[in-house]
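Under this note's numbering, the first residue of the sequence shown is numbered 503, with each subsequent residue one higher. Cβ atoms here follow ideal geometry from the backbone N, Cα and C, with glycine treated the same way. Working notes, beginning with the structure itself.
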Amino acid sequence: RTELWIEPASGLSHDPTFSLGQVSTLEGEVHIAGLIAMAGFLKARPEVPVSLAPVIVRAFPSNGPDHEMCAEVDKVAALLGTEIDPDHLPHGHYMTAIDFGPVRYEFTAILAAARARHAAVDSYRDCIKIDNA
Numbered sequence: 503r504t505e506l507w508i509e510p511a512s513g514l515s516h517d518p519t520f521s522l523g524q525v526s527t528l529e530g531e532v533h534i535a536g537l538i539a540m541a542g543f544l545k546a547r548p549e550v551p552v553s554l555a556p557v558i559v560r561a562f563p564s565n566g567p568d569h570e571m572c573a574e575v576d577k578v579a580a581l582l583g584t585e586i587d588p589d590h591l592p593h594g595h596y597m598t599a600i601d602f603g604p605v606r607y608e609f610t611a612i613l614a615a616a617r618a619r620h621a622a623v624d625s626y627r628d629c630i631k632i633d634n635a
């Protein structure tokens, strides 16, 4: 699968600390225009290979207390006409999504406990050294 994480001005990122609240309306419009332009470009050039894997566009609410982030996800779910995905709740992800064929838009709040677990695991990253000898 291909994942696109929306980041302001600088393009695409895999930074889960970034929040959609930091994207201005203009920057959001620029991303949408870019997606539309890419789709038109690929449609006009069928000889250009495209991924057969699903494409996921992910966005996140501004970091804050869990109840505020969940409320923001609830608002987006209402706009999309979707429900909260219960499968992701045990992992600390309060998420809603909508699919357009193999293209998916997700809006996810990563709750405080999940962020703390990730930070704890990540704190060991530089402690492990691989012996290439």
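(request) Tell me where the alpha helix (DSSP H) around GLU574 begins and ends. (result) Reading the sequence shown from its first residue, position 72 is the one you call residue 574. Here the alpha helix (DSSP H) through GLU574 covers 568 to 582.
(message) Could you tell me the alpha carbon to alpha carbon distance between ASP624 and PRO551, rounded to whole angstroms?
(response) Residue 624 sits at position 122 when you count from the first residue of the sequence shown. Residue 551 sits at position 49 when you count from the first residue of the sequence shown. Between ASP624 and PRO551, the C-alpha separation is close to 36 angstroms.
(message) Going by DSSP, what residue range makes up the alpha helix (DSSP H) through ARG617?
(response) For the purposes of this step, residue 617 is taken as residue 115 along the sequence shown, with counting starting at 1. Unbroken alpha helix (DSSP H) run through ARG617: 614 to 624.
(request) Would you kindly work out how many angstroms separate the C-alpha atoms of ILE630 and ALA621, rounded to a whole number? (result) Looking up residue 630 in the sequence shown gives position 128. Looking up residue 621 in the sequence shown gives position 119. ILE630 and ALA621: Cα-Cα distance of roughly 16 angstroms.
(request) Could you tell me which of LYS577, SER564, GLU608, GLY603 sits nearest to HIS590, measuring between CA atoms? (result) In the sequence shown, counting from the first residue as 1, residue 590 sits at position 88. Measuring from the Cα of HIS590, the nearest candidate turns out to be GLU608.
(request) Could you check if ARG560 is buried or exposed, using at least 16 other CB atoms within 10 Å of its CB as the buried criterion? (result) Looking up residue 560 in the sequence shown gives position 58. Buried, because 16 or more other Cβ atoms sit within 10 Å of the Cβ of ARG560.
(request) Going by DSSP, name the residue or residues bridged to HIS595. (result) By one-based count along the sequence shown, residue 595 stands at place 93. Answer is ILE612, bridged to HIS595.
(message) Residues in the same chain with beta-carbon distance under 7 angstroms from ALA579, minus the five sequence neighbours each way, listed in chain order, please.
(response) Taking the first residue of the sequence shown as 1, we reach residue 579 at position 77. Excluding positions up to five away in sequence, the list reads GLU585, ILE586, THR598.
(request) Going by DSSP, name the residue or residues bridged to ALA601. (result) By 1-based counting over the sequence shown, the position of residue 601 is 99. The displayed chain sequence assigns Asp, not Ala, to residue 601. DSSP output for ASP601 lists ARG606 as bridge partner(s).
(request) Could you check the C-alpha separation between ASP633 and ALA618 for me, to the nearest Å? (result) In the sequence shown, the residue the question calls residue 633 occupies position 131. In the sequence shown, the residue the question calls residue 618 occupies position 116. Taking the straight line from one Cα to the other gives about 30 angstroms.
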